[in-house]
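Single-structure report; data block below.
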Amino acid sequence: AQSVTQLGSHVSVSEGALVLLRCNYSSSVPPYLFWYVQYPNQGLQLLLKYTSAATLVKGINGFEAEFKKSETSFHLTKPSAHMSDAAEYFCAVSELDDKIIFGKGTRLHILP
Amino acid sequence: DAGVTQSPTHLIKTRGQQVTLRCSPKSGHDTVSWYQQALGQGPQFIFQYYEEEERQRGNFPDRFSGHQFPNYSSELNVNALLLGDSALYLCASSSATGVNYGYTFGSGTRLTVV
Chain H
40 AQSVTQLGSH VSVSEGALVL LRCNYSSSVP PYLFWYVQYP NQGLQLLLKY TSAATLVKGI
100 NGFEAEFKKS ETSFHLTKPS AHMSDAAEYF CAVSELDDKI IFGKGTRLHI LP
Chain Y
544 DAGVTQSPTH LIKTRGQQVT LRCSPKSGHD TVSWYQQALG QGPQFIFQYY EEEERQRGNF
604 PDRFSGHQFP NYSSELNVNA LLLGDSALYL CASSSATGVN YGYTFGSGTR LTVV
């Protein structure tokens with residue numbers, strides 16, 4: 040069965056520092072992988088997705104993620120954090136059945 | 544171009560009551576999925592509707608039911624409400640295969656059961 044584990048329910052970084060949010064997945068077939076962001080009182084916005092093309096995926100707002108099959112990981116990074124990046128981030132996986140399974144989320148705090 | 548519209552935005556119900564949540568998909572989308580997001584948790588898949596039929600379902604009891612109309616809009620019904628049903632309910636629409644073509648999420652309906 041497919042599943043997602045996000046390491047760290049809360050992550051704090053200083054403004055201008057590297058953002059690294061960790062995600063490991065479990066899937067019996069080559070998966071589709073996603074990162075979504077959720078701002079307070081809003082729905083989910085797609086940051087980026089991996090669909091078996093390039094392993095390094097570039098998304099919106101300067102975020103990118105690298106698919107590493109050997110490590111079953113899909114970590115999200117951004118070189119320089121901005122105050123507006125403070126939000127909840129969800130890693131998600133989907134197999135062929137078109138159902139998305141989400142992780143529990145990581146709340147990103149940006150320190151001034 | 545309007546995205547996914549959900550109504551109402553907030554709702555307070557009493558235990559044992561029934562509730563109906565509504566979703567209008569993004570223009571051009573024909574598939575609607577519903578998710579429940581409890582406080583501090585990731586969204587959990589409830590079910591998906593396509594061509595007015597439930598195409599697949601997550602691990603939710605029969606108290607949760609849905610419907611899709613010919614104009615692709617959808618309703619989520621929950622009967623015999625429990626305190627544990629308090630959550631943000633998200634609707635997502637997509638066209639054909641959502642995984643390939645992308646889901647668009649609404650802002651959700653915040654349901655509080657007292």
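Residue numbers (our numbering), protein chains in the order written: chain H, 40 to 151; chain Y, 544 to 657.
Every residue, glycine too, gets a C-beta built ideally from N, C-alpha and C.
Can you list the residues of chain Y that residue i reaches, using a CB-CB cut of under 7 Å?
i             : result
residue 144/H : 585
residue 81/H  : 650
Under 9 Å between beta-carbons, which chain H residues line up against residue i? List them in chain order, please.
i             : result
residue 571/Y : What residue 571/Y touches in chain H: nothing, since even the nearest Cβ is about 17 Å away.
What residue from the options has the CA that sits closest to residue i's CA?
i             : options                    : result
residue 559/Y : 619/Y, 624/Y, 600/Y        : 624/Y
residue 597/Y : 617/Y, 581/Y, 579/Y, 554/Y : 617/Y
residue 568/Y : 553/Y, 547/Y, 594/Y, 600/Y : 547/Y
residue 91/H  : 100/H, 79/H, 85/H, 104/H   : 104/H
residue 628/Y : 549/Y, 589/Y, 649/Y        : 589/Y
residue 106/H : 42/H, 72/H, 57/H           : 72/H
residue 108/H : 69/H, 124/H, 55/H, 41/H    : 69/H
residue 42/H  : 50/H, 144/H, 87/H          : 144/H
residue 564/Y : 626/Y, 630/Y, 599/Y        : 630/Y
residue 613/Y : 621/Y, 619/Y, 620/Y, 574/Y : 574/Y
residue 56/H  : 47/H, 93/H, 89/H, 121/H    : 121/H
residue 60/H  : 151/H, 118/H, 89/H         : 118/H
Contact criterion: CB-CB distance below 9 Å. Does residue i meet it with respect to chain B?
i             : result
residue 609/Y : Here the protein chains are H and Y, and chain B is not one of them.
Closer than 8 Å by beta-carbon distance: list the chain H residues that pair up with residue i, in chain order.
i             : result
residue 633/Y : 82, 83
residue 603/Y : None at all; the shortest Cβ gap to chain H is about 13 Å.
How far does the beta strand (DSSP E) with residue i in it extend, from its first residue to its last?
i             : result
residue 140/H : 139-141
residue 146/H : 145-150
residue 43/H  : 42-46
residue 76/H  : 71-77
If the cut is a Cβ gap below 9 Å, which residues of chain Y does residue i touch?
i             : result
residue 141/H : 578, 580, 584, 585, 586, 587, 588
Quick one: list the residues of chain Y neighbouring residue i, beta-carbon separation under 8 Å, in chain order.
i             : result
residue 129/H : 585, 586
Against residue i, what residues of chain H qualify as contacts under a CB-to-CB distance less than 7 Å, listed in chain order?
i             : result
residue 645/Y : 85
Worksheet item: Does the stretch 645-654 of chain Y come close enough to the stretch 598-609 of chain Y that 3 or more CB-CB pairs lie under 8 Å?
Response: When C-beta atoms of the stretch 598-609 of chain Y are compared with those of the stretch 645-654 of chain Y, fewer than three pairs fall below 8 Å, so the two segments do not count as touching.
Discussion item. If contact is defined by three or more beta carbon pairs under 8 Å, each pair taking one atom from either stretch, is the stretch 577-589 of chain Y in contact with the stretch 129-148 of chain H?
Written reply: Cβ pair count under 8 Å is three or more, so yes.
Worksheet item: Would you call the stretch 100-116 of chain H and the stretch 63-80 of chain H in contact, with 3 or more CB pairs under 8 Å?
Response: Taking a cut-off of 8 Å for Cβ pairs, the stretch 100-116 of chain H and the stretch 63-80 of chain H touch, as three or more such pairs fall below it.
Worksheet entry | Contained alpha helix (DSSP H) runs [length at least 4] in the stretch 603-652 of chain Y, N- to C-terminal order | Complete alpha helix (DSSP H) runs here, min 4: 641-644.
Discussion item. Give the list of continuous beta strand (DSSP E) stretches no shorter than 3 residues that lie fully inside the stretch 548-586 of chain Y.
Written reply: List check, beta strand (DSSP E) in window: 548-550, 553-556, 562-567, 574-580.
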